[in-house]
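Peer 1: Submitted below is the structure of interest, expressed as structure tokens.
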Amino acid sequence: MLAILWRRGINNDQRDFREGASIEHSHWLRVMVLGRSQTFCTLLFIGLTAVAQSQASVCSRAIAEQVYPPPITSGNIVIADAISTGNLIAPAAKKRGFDVVHLLSDDNMEPHLRDSIRLNDFSEDRQLVYRGDLEQTARELSAFKPVGVIIGGETGVLVGDMVSERLGLMTNGTTLSEARRNKYLMWETARAAGVEIAAQFVSRNINSALAKAPSLGFPVVLKPLDGAAGIGLHIEHDADGITHAFNEIRALVNPITNRPIVDVLFQEYLDGPEYVVDTMSSNGKTYVTAVSRYTKVPFNGQPQVYAAEDIISYQEAVELGLIQYAQRVVRALGIEHGPAHLEIKKTEKGCRLVEIGARLSGGGYAVLVEKATGLNVIDLLLDVHFDPAAFHRKTQNPFTSKPARIIYLMTEQQGKVISMPYMERIEKLDSWFRSKMNIEPRKAGHDILVPTTDFLNYPGQIELVHHDRSVIDRDSEAIRQWEKQPDFYVFEK
């Protein structure tokens, strides 16, 4: 009987052995034979403990040697919408020895997003377009015998999930795909999984919305159901404001999908600082790659315009409850493989989700993360798909980071810019790392400045990294002072 019970203990989840379950089972068995000969008990305990330790050693070796398949080092990789940060994937994949195929999710993609795709990374015969027929797309991709499908950006989430599932490759599946894109469904899916979420509703009718709005309390947040980058965001305090905001949102065209906005999302206002948590998951293990804090300010008549973003320490994120909360949300949305980008408010009631994207953080953020933390997020993403053993080796310890900040430039001006004379001073600052500009006076078509209202029309960003945060603070103040000068932008007359 004892042998049978002991064997059941050995066959428990392998993880138990790493957490000392062998000792617990041995202690339990020793209690079972209490009252017998002391010598017999001692010998039995020693013998069973030795067996347990031997079995634990075997299991540990099995975990280390057999759980992970050998790395894949060649073949074709499909990238669904290599927009924004996703345009870093193809060069990194080629460096590893892979070939790349690009899948565009929509031939009507908004031009500024499509322009961020580096088509030179893909030969012409490897640039495919999804036109609504999954079976046709699957047949076209099958000709390349792909070894993986990677989502390059927000617009590629739905198509990437469909194609990877259809081809039988590593995938998060399509069951929760819509919830990973639709802001209403993502909250309700997380709520159903037991995650603490604020109140919300969706409406196409202003009268119905006005009747429900008081249940959320005031102020009320209004935004497009499937928007992004702060487009169409309103924070309203009364019925007149809600009506005006509702009509304004319904008149917009979604800059991500290039389609008219129909549904308006109403949400409980979340008061408190906003944080960004970026994660990478492999077979359900979710590792946090970076955590940052947004600074948003009212500007040009908009309630919240991005002004800055600071990478914070892992320890601070733990103390704020952000790490555990983010991991719960990632699990709830079914993201078992690959990246996630979460925006979370820290309220008086605790952490509350703003939204989550099943993709890399945009704006080339991975480059700054590597400079600040030493962690190459793009390589980690490739590890998820093609070398999970390497992923697990690299994620044994939490990330560590130097102080780092993004300064998002803001302006009330507009016109055709011919020069930005202060940039030379900025790039000589002690903490300056990189300038990433949307306004490029020497590049035709990229020199038109408009008043900053959201994350899609800001002039550019200045990235600062330094071991001394006071240096970053000093340099940030200098940038803000120079930005106020009338000749920061020189316009064509």
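Residues in the sequence shown are numbered from 4 upward in steps of one, following our numbering.
Every residue, glycine too, gets a C-beta built ideally from N, C-alpha and C.
Keep in mind the model is a prediction, meaning the values are calculated, not measured.
Just tell me which of Asp457, Glu138, Glu480 has its CA closest to the CA of methionine 165.
Peer 2: It is Glu138 whose Cα lies nearest to the Cα of methionine 165.
Peer 1: Please check the pair alanine 202 and leucine 219, which I expect to be a contact at CB under 8 Å, by giving their CB distance rounded to whole angstroms.
Peer 2: Confirmed, about 5 Å.
Peer 1: Measure the C-alpha to C-alpha separation of lysine 439 and glycine 463 and round it to an integer number of angstroms.
Peer 2: When rounded, the distance between both Cα atoms is 6 Å.
Peer 1: Go to methionine 426, then tell me how far its alpha helix (DSSP H) extends in each direction, as first and last residue.
Peer 2: First-last of the alpha helix (DSSP H) with methionine 426: 426-429.
Peer 1: Nearest by alpha-carbon distance to proline 276: which of Ala320, Ala293, Ile234, Met283 is it?
Peer 2: Nearest of Ala320, Ala293, Ile234, Met283 to proline 276, Cα basis: Ala320.
Peer 1: Short check: CB of leucine 356 to CB of threonine 292, under 8 Å?
Peer 2: No.
Peer 1: Quick check on isoleucine 82 - is its C-beta less than 8 Å from some C-beta in chain D?
Peer 2: Among the protein chains of the structure shown there is no chain D, as only one such chain exists.
Peer 1: Since I believe arginine 362 is in contact with valine 223 (beta carbons under 8 Å), could you give me their beta-carbon distance rounded to a whole number of angstroms?
Peer 2: In fact, because the Cβ distance is near 28 Å, the residues do not count as touching under 8 Å.
Peer 1: Closest to glutamate 358 by CA distance: which of Phe101, Ala392, Ala329 is it?
Peer 2: Of Phe101, Ala392, Ala329, the residue nearest in Cα terms is Ala329.
Peer 1: Taking C-alpha atoms, which residue in Ala375, Glu271, Ser284, Ile86 lies nearest to threonine 174?
Peer 2: Threonine 174 has its Cα closest to that of Ser284, out of Ala375, Glu271, Ser284, Ile86.
Peer 1: For leucine 255, count neighbouring Cβ atoms within 10 angstroms of its own Cβ and tell me buried if that reaches 16, exposed if not.
Peer 2: It is exposed - the Cβ of leucine 255 has fewer than 16 other Cβ atoms within 10 Å.
Peer 1: Quick one: what does DSSP say phenylalanine 249 is sitting in, helix, strand or coil?
Peer 2: Here phenylalanine 249 sits in helix by DSSP.
Peer 1: Select from Ala83, Val265, Leu91 the residue whose C-alpha is nearest the C-alpha of alanine 369.
Peer 2: When each option's Cα is compared against that of alanine 369, the closest is Leu91.
Peer 1: Along the beta strand (DSSP E) that carries threonine 403, what are the first and last residues, could you check?
Peer 2: Counting along the chain, threonine 403 falls outside any beta strand (DSSP E), and DSSP gives it neither H nor E.
Peer 1: What is the residue span of the beta strand (DSSP E) that valine 81 lies within?
Peer 2: Residues 78-83.
Peer 1: If I measure Cβ to Cβ from arginine 477 and keep anything under 6 Å in the same chain, skipping five residues before and after, which residues do I get?
Peer 2: Closer than 6 Å at Cβ, skipping near neighbours: no residue.
Peer 1: Any idea which residues DSSP pairs isoleucine 359 with across the strands?
Peer 2: Answer is Leu345.
Peer 1: Helix, strand or coil: how does DSSP classify methionine 189 here?
Peer 2: Three-state DSSP puts methionine 189 in a helix.
Peer 1: Just grab the DSSP bridge partners of leucine 467 for me.
Peer 2: Leucine 467 pairs with Arg408, Trp435.
Peer 1: Give the single residue among His115, Arg121, Leu106 whose Cα lies nearest to the Cα of arginine 129.
Peer 2: Among His115, Arg121, Leu106, the Cα nearest to that of arginine 129 belongs to Leu106.
Peer 1: Measure the alpha-carbon distance for alanine 141 versus arginine 169 and round it to whole angstroms.
Peer 2: Using only the alpha carbons, I get a separation of about 7 Å.
Peer 1: With contact counted as at least three CB pairs below 8 Å, one residue from each stretch, are the region 195-210 and the region 322-336 in contact?
Peer 2: Verdict: yes, contact present.
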